[in-house]
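Shown next, in C-alpha cells, is the structure this report addresses.
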Amino acid sequence: MDMDLTSQALYQASDIIVAWIFSIVLALFIGYYIWKKRKWGILWDYVTTTNHRKIGTMYILSGLLFFFRGGVDALLIRTQLIAPNTEFWVFQGDKYNGLFTTHGTIMIFFVAMPILIGLMNVVVPLQIGAKDLAFPILNSLSFWLFFSGAILFNLSFFFGTPPNAGWTAYAPLSISQFTPDVGNSFYIFSIQLSGIGTLLTAINMIVTILRLRAPGMKMFRMPLFTWSTFVTSVLILIAFSTLSVALYLLMFDRMFGTSFFTGSEGDPVYWQHLFWIFGHPEVYILALPAFGIFSDVISTFSKKIIFGYSSMVLSIILIGFLGFMVWVHHMFTVGLGPMVNTFFAVTTMLIAVPTGIKVFNWLFTMRGGQIQLTVPMLFAIGFIPSFTMGGVTGVMLAIPSADFQFHDSYFVVGHFHYTILGATVLGIFAGIYYWYPKITGKMLDERLGKWHFWLFIIGFHLTFLPMHFAGLNGMPRRVFTYTKEDGVFFFNSLSTIGAFVMGIGMLFFAWNVYKTYRSKQQVENDCWDGRTLEWAVSSPPKEDDFNTAPIVDSLEPLWQLKKNQQKWTNKLPQRPNPISTKSVIPAVIAATLFLFSLAMIYQWHTLASLTAVVTIIIIIFLSWCDKRVENVQKGNLLKKDLNILFDDKKMGFFLYLAIDGIMFAVLFATYFLYTPASIGPRPEQVFESKTVILSSIFLLTSSGTIALSERGLKKQNNKIFHTGFIMTTILALAFLSSTFHEFYNYWMKGFVIDLNVFLSSFFVLVGLHAAHVLFGLGWLLQLYIQLKMHKIPLVLYQEKQTIFSYYWHFVDIVWVFIVLIVYLPYLG
Numbered sequence: 068m069d070m071d072l073t074s075q076a077l078y079q080a081s082d083i084i085v086a087w088i089f090s091i092v093l094a095l096f097i098g099y100y101i102w103k104k105r106k107w108g109i110l111w112d113y114v115t116t117t118n119h120r121k122i123g124t125m126y127i128l129s130g131l132l133f134f135f136r137g138g139v140d141a142l143l144i145r146t147q148l149i150a151p152n153t154e155f156w157v158f159q160g161d162k163y164n165g166l167f168t169t170h171g172t173i174m175i176f177f178v179a180m181p182i183l184i185g186l187m188n189v190v191v192p193l194q195i196g197a198k199d200l201a202f203p204i205l206n207s208l209s210f211w212l213f214f215s216g217a218i219l220f221n222l223s224f225f226f227g228t229p230p231n232a233g234w235t236a237y238a239p240l241s242i243s244q245f246t247p248d249v250g251n252s253f254y255i256f257s258i259q260l261s262g263i264g265t266l267l268t269a270i271n272m273i274v275t276i277l278r279l280r281a282p283g284m285k286m287f288r289m290p291l292f293t294w295s296t297f298v299t300s301v302l303i304l305i306a307f308s309t310l311s312v313a314l315y316l317l318m319f320d321r322m323f324g325t326s327f328f329t330g331s332e333g334d335p336v337y338w339q340h341l342f343w344i345f346g347h348p349e350v351y352i353l354a355l356p357a358f359g360i361f362s363d364v365i366s367t368f369s370k371k372i373i374f375g376y377s378s379m380v381l382s383i384i385l386i387g388f389l390g391f392m393v394w395v396h397h398m399f400t401v402g403l404g405p406m407v408n409t410f411f412a413v414t415t416m417l418i419a420v421p422t423g424i425k426v427f428n429w430l431f432t433m434r435g436g437q438i439q440l441t442v443p444m445l446f447a448i449g450f451i452p453s454f455t456m457g458g459v460t461g462v463m464l465a466i467p468s469a470d471f472q473f474h475d476s477y478f479v480v481g482h483f484h485y486t487i488l489g490a491t492v493l494g495i496f497a498g499i500y501y502w503y504p505k506i507t508g509k510m511l512d513e514r515l516g517k518w519h520f521w522l523f524i525i526g527f528h529l530t531f532l533p534m535h536f537a538g539l540n541g542m543p544r545r546v547f548t549y550t551k552e553d554g555v556f557f558f559n560s561l562s563t564i565g566a567f568v569m570g571i572g573m574l575f576f577a578w579n580v581y582k583t584y585r586s587k588q589q590v591e592n593d594c595w596d597g598r599t600l601e602w603a604v605s606s607p608p609k610e611d612d613f614n615t616a617p618i619v620d621s622l623e624p625l626w627q628l629k630k631n632q633q634k635w636t637n638k639l640p641q642r643p644n645p646i647s648t649k650s651v652i653p654a655v656i657a658a659t660l661f662l663f664s665l666a667m668i669y670q671w672h673t674l675a676s677l678t679a680v681v682t683i684i685i686i687i688f689l690s691w692c693d694k695r696v697e698n699v700q701k702g703n704l705l706k707k708d709l710n711i712l713f714d715d716k717k718m719g720f721f722l723y724l725a726i727d728g729i730m731f732a733v734l735f736a737t738y739f740l741y742t743p744a745s746i747g748p749r750p751e752q753v754f755e756s757k758t759v760i761l762s763s764i765f766l767l768t769s770s771g772t773i774a775l776s777e778r779g780l781k782k783q784n785n786k787i788f789h790t791g792f793i794m795t796t797i798l799a800l801a802f803l804s805s806t807f808h809e810f811y812n813y814w815m816k817g818f819v820i821d822l823n824v825f826l827s828s829f830f831v832l833v834g835l836h837a838a839h840v841l842f843g844l845g846w847l848l849q850l851y852i853q854l855k856m857h858k859i860p861l862v863l864y865q866e867k868q869t870i871f872s873y874y875w876h877f878v879d880i881v882w883v884f885i886v887l888i889v890y891l892p893y894l895g
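Using the working numbering, the letters of the sequence shown correspond one by one to residues 68 to 895.
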C-alpha cells in the first residue's frame, strides 16, 4: 500500500522531475561549452556590461529563452484539450491551473516585455544619435532585476508550487485562505522584482529620448519606433506603479492577515480595478512598440516615407491616453451598473479610431511603393489582417450586453491572443529579423525565415480562430476537460494542431539563429537600405559610433543624403555622456533582492532582514564608486558638462518621484475607500491629535533645515551647513520616534494591522511613509560621511545634496496629504 502511494506521488511529480533532469543536463552542457570554448571572458563581459547593445541583447536572449518555456506550457495545455475527457500526463485539476497561470504570466511579463525592451535598448539610442542611454548603470540594474524576477518565478515550478490563480491573480482565490501554498507568493514577489526593473527602464528611456537626441532632431522628427517607445515608457510609469501597489496590498493579505480583497470588509472587485488599471494599458505597452516596429519596417521595404507621419504620432499619443479609460470593459459582469458600463463601452470603441488610422496609414504607405517581400515585411503584412480581426472581436466585447455572453469563455481567449500575439509577437519577429544584422553584423537566412513566417502565421490562425467558435458554443476558459456532448471537440482539435504548427515554425527560427551564429558571413552596415539613423553606423554598433553628433534637419536625414548621393559632413561634438564603465554591482544588487524575495516568500524573516541590510550597504557602496570623481579631478569634466549631466539626473529623479507619488495616491484611494470600516474601531477612536501635531512640527520643520543646510553648502559656509544637517537629523529622529510611539500605543491598545480594514489601510500607508523617512535619514548620514571622508569633490557633493533635498521635500509633501486626508477629518 505504501509503495502504491509512493508511486502515485512520484507520478504526480513526474513533470517536475523531468524538468529538473532537463535543466541540469542543459546547465551541464552550457557549462561544458563555456569551459571548452573558453567563453568565461565573454560571459563576464556581459555580466558587467553597461553598454546598451549588450544589455539589449541579453534582454532579447532571455525573452526568447522564456518564449520556448512558455511555448512548452502552451503545447501541454493544447495536448490536454485535444479531445473530450483527455487525461494527458498529470495536467488535470490544480496542475492544469498552475500550467495556464505560468503560461500567461511568462508570456506577458517575461517574454513580450523583455524582448521589446531589448529592441528599445539596442535601437532607440542609435535612432536618436546618442552614444548610450542616459543612465547606463541603471540600465544594467534594470536588466538584472528583470532576470532575477523571471528566475524567481520559474523556481516556483521546480519547487512544486507554481502560482495557480491565473495570470490576473484574482482575489480572493489568490489569498492564502484559498491557495495556502507559496505559489502565489512567488507570483507577487517575482512580478514586483521584475516590475521595478521595468519602471527603471521607463525612466531611462524617457530621459534618453527627451535629453539625448541629436542636434536638430525635434520631437516631430523622431522615428516612429522611438515615438512609440516614449509613449510606452510613460504608460509604464503609471501602469506598473499601480500594479506595484496592488501587489503590495495583496502581499499584506497573504502574509499579514489583512483583508483588502476578501472577508466581510474587503472587496475582491477592488483588486480587479487595480489590476486592470494596469492590465489594459499593458496591452498597449506591448502593442505600441510593435506598431513602431511595423512603421519602420513598412516604410523601409515600401521605399516610401511613412504616410501621415503627424497623424501616426498623434494616434500613438491618443491610444496611450485612451488606454487608461477602458479598463472596466474587463469587468462588465461584476455589477457596476449600466451608466458605468455604457461609459467604458464608448471609450473602448473610441480607442479603435486611432488604431484604425494607423492601419490605413500603413496601407497607404505600401500603396504605390516598391514593396520588397523580405521576412520582416512578411511579418508586418501578416500583422495587419491578424490584428484587425482581434480589433473587431474587441469591439464585440465592448458591447456590455454581448460581453455577458462572451465573458470568461474561450471567445475572450481567442480575442486576447489575436491582439497580443497578433500584434506583439509578430512585431517582435519583424523587429528581430529587421535589426538582427544591426545587433550582430549577420543576416538571418531568408529562406528559413519564410518557413518560420508561414508556419507560424498559419498555425496562429488555426489555433486561435476556432477558439472564438468554441467560446460561442459555451466553452469556459481555464477548464482542463470537456465532454463530447459539449460540441467543442472539433474546435479544440483544430486549435491543438495549430499550436503544434506554430511550435514547428519556432524550431525553424531556432535553427535559423543557430545557423547564422555559426556563419562567418558579415553584412554591410546598411544592408536593408534603411531610412533611419541606426543604419548610418557600423553593424554591430561600436561604442564610439556617435562620438560626433549628426545634425538632423529632416524626418529622414539618412535617406535624404543617400537620395542626394551625399556624405554626412554636418556633425557637431557630442554632448557630455555618462562615463562608460563596467560594474558587477547591479547584478549583485539584483541577486540580494532575489534572496530577500525568496526569504519573504517562505517567511524566513531573519534572512530577509539580513539581505535587506546587505542590499542597502551595496547601494551605498555603488554611490561611493562614482566614476566621475576621477574625471573631475583630472579636469576631463568641466562645470558646463556636469550641469548637463545633472539636468539629466534631475529629470530622472523627478520621474522616480512621479512613480512614488502615483503609489501613494493609490494608497490614499485605498484608505479613502475603506475608512471608516464597517466593524471594529473608527478613526476618531484611534487617532491622538497630540502625536499628529508633534510629528507634523518635526517633519515639516526639517524641510526648512535641509534647505538651510543646502544653502550653507552652496555658500561654502560650514557653520550654516552643519547647523542645517544636525537639525535635520535630530528632527528626522524625532519624527521617527513619534511615529514609533504612535504605532506602539495603538498596538498596546489592540489596534493592530489585521483588526479591521481601516487599520490595515492606515498602517500600510503611514508605515510606508515612515519607511521613506527612515531611508532618507540613512541617505543623509551616508552623504555626510562621504563629505567628511573627502571621498567626493564638492561640486559632486552639491549635486547629491540637491537630489536628496528634492526627495526630502517630497516626503514632507506626502506627510501634509497624510495629515489632511488620514488624520484631520477624524480629529476632534
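From the three backbone atoms N, C-alpha and C, an ideal C-beta is built for every residue, glycine too.
Note that this is a predicted model, so its numbers are computed, not measured.
- Straight across, the Cα-Cα distance linking F391 with N408 is about 15 Å.
- DSSP places A744 in the coil class of the three-state scheme, outside both helix and strand.
- The continuous beta strand (DSSP E) containing K638 extends over residues K638 to P640.
- Fully enclosed alpha helix (DSSP H) runs of no fewer than 4 residues occupy 695-701, 706-741 and 750-753 of the segment 689-768, in order along the chain.
- The C-beta distance from K517 to L445 rounds to 7 Å, short enough to fall under 8 Å.
- Between the alpha carbons of S676 and Y741 lies a distance of about 30 Å.
- Shown here, T795 sits in a helix according to DSSP, grouped into three states.
- In the DSSP assignment, T615 falls within the unbroken beta strand (DSSP E) covering T615 to P617.
- In the structure shown, S300 falls within a helical segment according to DSSP collapsed to helix, strand and coil.
- Looking from the CA of T422, the closest CA among F177, Y351, F256 and I270 belongs to Y351.
- A straight line joining the alpha-carbon of L704 with that of K716 spans about 16 Å.
- For A654, the closest C-alpha among the options G779, F765 and M125 is that of M125.
- The way I'd put it, the segment 752-760 does touch the segment 795-810; three or more beta-carbon pairs between them come closer than 8 Å.
- Under the 8 Å Cβ criterion, the segment 210-230 does not count as touching the segment 288-302, having fewer than three qualifying pairs.
- Taken in chain order, the whole beta strand (DSSP E) runs of length 3 or more contained in the segment 842-871 number zero.
- Ranked by Cα distance from H474, the first of L522, N188, R545 and M510 is R545.
- Assignment of alpha helix (DSSP H) within the segment 774-835, counting only whole runs of 4 or more residues, yields 785-815 in chain order.
- With contacts defined as CB atoms closer than 8 Å, S207 and T325 fail to qualify as a contacting pair.
- Judged by beta-carbon spacing, D140 lies beyond the 8 Å limit of A238, meaning their Cβ atoms are not closer than that value.
- Boundaries of the alpha helix (DSSP H) harbouring V364: P335 to S369, taken from the DSSP string.
- Between the segment 121-135 and the segment 175-194 there are three or more C-beta pairs closer than 8 Å, enough to call the two in contact.
- Across the structure, A232 and W595 are spaced so that their CA atoms are roughly 46 Å apart.
- Leaving aside the five residues that flank L186 on each side, the residues in its chain whose CB is nearer than 6 Å to its CB run, in chain order, G498.
- Between the segment 500-519 and the segment 604-624 there are three or more inter-stretch CB-CB distances shorter than 8 Å, so the stretches are counted as touching.
- Within the model, the alpha-carbon separation for S762 versus V833 is close to 12 Å.
- For K517, the enclosing alpha helix (DSSP H) begins and ends at E513 to L539.
- S476 has P543 as its beta-bridge partners, per DSSP.
- Contact between D248 and V157 does not hold, since the beta-carbon distance rounds to 16 Å and is not under 8 Å.
- In the structure shown, the three-state DSSP call for R321 is helix.
- Counting only runs of 4+ residues, the alpha helix (DSSP H) found wholly inside the segment 103-190 occupies 107-115, 119-147 and 161-172, in chain order.
- Membership of G387 in the alpha helix (DSSP H) is indicated by the continuous run Y376 to L389.
- Here DSSP, grouped into helix, strand and coil, assigns M286 to helix.
- The Cβ atoms of S770 and H672 do not sit closer than 8 Å to each other.
- Taking 8 Å as the cut-off, the beta carbon of S664 is found closer than this to the beta carbon of F256.
- No residue range can be given for T228, since it is assigned to no alpha helix (DSSP H) and is classified by DSSP as neither H nor E.
- Here P452 is exposed. Its C-beta has fewer than 16 other C-beta atoms within 10 Å.
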